[in-house]
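Here the structure comes first, spelled out in structure tokens, and everything after it is commentary.
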Amino acid sequence: MEIWIVVISLWLSTWLMAVSRTYSLIMYMIGDYEGGKLIKDYKNTHAVIYGVSMIFIAPVIWQICFFEEPRRNFVLSYVKAIVRNKT
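In our numbering, each number is its position in the sequence shown, counted from 1, plus 238.
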């Protein structure tokens with residue numbers, strides 16, 4: 239088996255797990271803040287941008303796929319950066 243097939247499949251599965259485990263929480267938390275109104279209005283655009291950007295950082299943040307604490311920290315930091323408010 240070629241090594242690139244394994245690398246690409248691990249990369250894509252990590253990306254899929256990271257997006258599926260964080261996106262719904264992020265959208266739920268953003269809805270509670272006034273600063274998240276723009277994201278809620280353009281949620282399809284946000285989903286595409288979020289998905290594409292996660293492709294590039296998925297191998298680095300693989301911990302959010304398997305562990306609860308890194309996932310919670312990632313989601314809280316992301317929401318705080320988007321709404322520019324204390325969470």
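Beta carbons are placed, not taken as given, at the ideal position from N, Cα and C, and that holds for glycine.
Note that the structure is predicted; figures quoted are calculated from it, not measured.
Inset, instruction - Could you tell me the boundaries of the alpha helix (DSSP H) in which TYR316 lies? - result: 306-321
Legend entry - ILE246 (DSSP reduced to helix, strand or coil): Helix.
Inset, instruction - Please state whether DSSP places TYR261 in a helix, a strand or coil. - result: helix
Inset, instruction - Would you mind reading off the limits of the alpha helix (DSSP H) that contains TYR288? - result: 281-295
Legend entry - Test item: CB-CB of SER317 and GLY289 under 8 Å: Residue identity check: residue 317 is Val in the sequence provided, not Ser. No; because the gap between Cβ atoms is not below 8 Å, this pair is not in contact.
Legend entry - Close beta carbons around TRP300, own chain, < 8 Å, minus the five adjacent residues each side: THR252 and ALA256
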